[in-house]
Each structure stands twice: as C-alpha cells, then as structure tokens.
Amino acid sequence: MQTLREAITQAREGKYAIGHFNVSDSNQSNAVIAAAQAVGVPVIIGASEGERKFIGEKNLAALVRVAREAGLQVYLNADHTYSVEGVKSVIDAGYDAVIFDGSHLPMDENIANTKEIVAYARASGRDIIVEAEIGRIGTSSKLLDAPPEDMDANLTTVEEAVHFVTETGVDLLAPAVGTMHGRLKGGGEPKIDLARITAIRDAINIPLVLHGGSGSSDSDLGAAGPAGCSIVHINTDIRVAYRKGIEEALVANIDEIAPYKFLAGGVAGVQAMTEKYLRLFSGK
Ligand code: G3H
Ligand code: ZN
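Residue numbering for the sequence shown follows my numbering, beginning at 1245 and increasing consecutively.
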C-alpha cells in the first residue's frame, strides 16, 4: 500500500485533493472509511486534541490499523495539536501525520516548536508527516455567529510561507487563504483566495493543506485541489450531519433505545456527507 507521503505526492502532481475528515467516535470513523471505500479513493481520518481525548488516542489508531489490514487506504492524522508534548505523544502512538498548530504564537516561537517536532518525527524511524499552520483560520469547528476577528488581515503571504518552510523543514503547510474553521449560522460563504494558494504553491516545494473547508462553496472547494491544495479538511459538516441523522432517527421513533438503531441515522449522514466531498475533491 502507498505511504501517506506517496499518496499526497500523487495528489499534488495530479492536482486534486485528498479528503481529511474529523471524527470523535468509532461510528464516524466507520462512516468515513465506508465512504472512501464506496468512492474508491484514499482518505485521511483526523482527530484534534479534544476528539482524541474522547475516543482515546490509541483506540483510534487501532481502528485505522484494522481498516488498513483489510486493505483500505486509510491514514490517521493528529489534527490541531497545540503543545510539543502532545505531538510527541501521538507520534509515539503510531499516527501517520501530526499537525503542530502554533498559528496563535509569534512566528519565531511557531518556527522553533515546529523545528523541534520535525526533529522528533525524523528520529522516530517511521515516515511521519509533519504539518504546521500559519496565519489566522480560527479555532473551532462549530456554528458561528460571526467570522473570527482579524481573519482577512492575517492571510498568509508568499514571503511568510517561504520563510516558514525554509526555517522548519516541515512536510506540509496550512496557510490562511480565506477559509475559517466552522460555518456561519446565518449562511454566508467565505471566499477562498485561489490565486493566493497557487502563488504559495509555486513558491514552495511542499504540498499545501486547506483547513476550514465547511461553509465554503462547492465550486471554490472543488477548485482548491487544482489551485494547489493537496488535502482539504472538513469537520463542522461532519458534526452537523451526525447530529442531524441521530435527531431524525429519534424523532422518527422517540421510544427507540437501542444505540445501534438510532446512531445508524448519524452514520448514514456522515457517510453521505463524506462521499459528497470525496467526489468533489477527487473529481470522481
Ligand atoms: O482541521 C479541521 C478543519 O480545518 C475543519 O474545518 O470545521 O470548517 O470544516 P471545518
Ligand atoms: Zn483545521
């Protein structure tokens, strides 16, 4: 089976994106894996610090290992991790990829911490992909009243991206290009700065990752791969689909108490949402 690095390189060369979906329990994880199997593409399962705490760092690693043993091209990413120690812990737990999110730190501190993590990953003896984030994308995958403050004023420049990548030796970069974590309650789509993505891609020699996918238009998200993003992250829409599916199942049968029955509605919702995005990102 391809390594994650090989799959990302293939996506970069083919100008499409691999889907990355966040989960916090085994139902969502099973739904994402089933969707990837249905579409016939690789997929990355992600879990941020809170999500990992809920499902169990090693439990999630075991679920992905089982899928891989069944021949499925499923990879595991420790999404948004804010401490160096936290990143080291998931590297030790066998994750394929890690994101050190130092985007809230002064640039020098973000660079110093990212460098330490890159060195730790290289010393692990496994091919761990290290991603870092710069600029302002916001922090929460939730329904928002308003966009995060100062978002537009903190889009990543080509110079910042080149400086950061040269200094850290990181494998993947998540720049701020107009998206935000979460989705606006009242609607309203953030505009993805596709020209900025392409300018950064052309200036650095590592793949780019688009965060904050929920809430943007399908046409912008579909164009992100060709513009230069090799991975696109979706979380809020997965959470909404799960909750909605469970709610609908309970409303349809308020006396239902078997979790495997009412949770099945959530699983179906997550699988359908994931399939939609995987087709959009891969062009399949
Ligand atoms: O890392 C997770 C993502 O960037 C998710 O963003 O909640 O806006 O889809 P989203
Ligand atoms: Zn993110």
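No residue lacks a Cβ here, since even glycine has one placed at the ideal position from N, Cα and C.
So which residues touch the region around ligand 1, with touch meaning a C-beta under 5 Å from any heavy atom? Asp1323, Ser1385, His1425, His1455, Gly1456, Gly1457, Ser1458, His1477, Ile1478, Asn1479, Thr1480
Any contact of the stretch 1278–1292 with the stretch 1493–1503, i.e. 3+ C-beta pairs under 8 Å? no
What's the gap between the Cα of Val1331 and the Cα of Leu1349? 16 Å
Counting beta carbon pairs with one atom in the stretch 1396–1416 and one in the stretch 1372–1386, are three or more of them shorter than 8 Å? yes
C-alpha distance - Ser1463 paired with Ala1261, whole-angstrom precision: Note on geometry: alpha-carbon atoms of Ser1463 and Ala1261 lie some 14 Å from one another.
Cα-Cα separation between Ala1251 and Pro1286, rounded to whole angstroms: Computed Cα separation, rounded: 8 Å.
Please report the straight-line C-alpha distance between Ala1420 and Ala1502, rounded to a whole angstrom. Whole-angstrom Cα-Cα distance: 43 Å.
Going along the chain, which residues of its own chain have a beta-carbon closer than 7 Å to the beta-carbon of Gly1527, five neighbours each way excluded? Tyr1260
What's the C-alpha gap between Thr1358 and Glu1404? 15 Å
Since Thr1325 sits in a beta bridge, which residues does DSSP pair it with? Phe1344
Would you report the Cα separation of Met1245 and Gln1254, rounded to the nearest angstrom? 13 Å
Cβ-Cβ separation, Ile1450 to Ile1409 (assumed contact under 8 Å), whole Å: Note that residue 1409 is Val in the sequence shown, not Ile. Yes, they are in contact, since the Cβ atoms of Val1409 and Ile1450 sit about 6 Å apart, within 8 Å.
Which two residues bound the contiguous alpha helix (DSSP H) that contains Val1310? 1301–1313
List the endpoints of the continuous alpha helix (DSSP H) containing Val1362. 1351–1367
Count the CB pairs spanning the stretch 1423–1438 and the stretch 1467–1487 that are closer than 8 Å, and state whether there are at least three. yes
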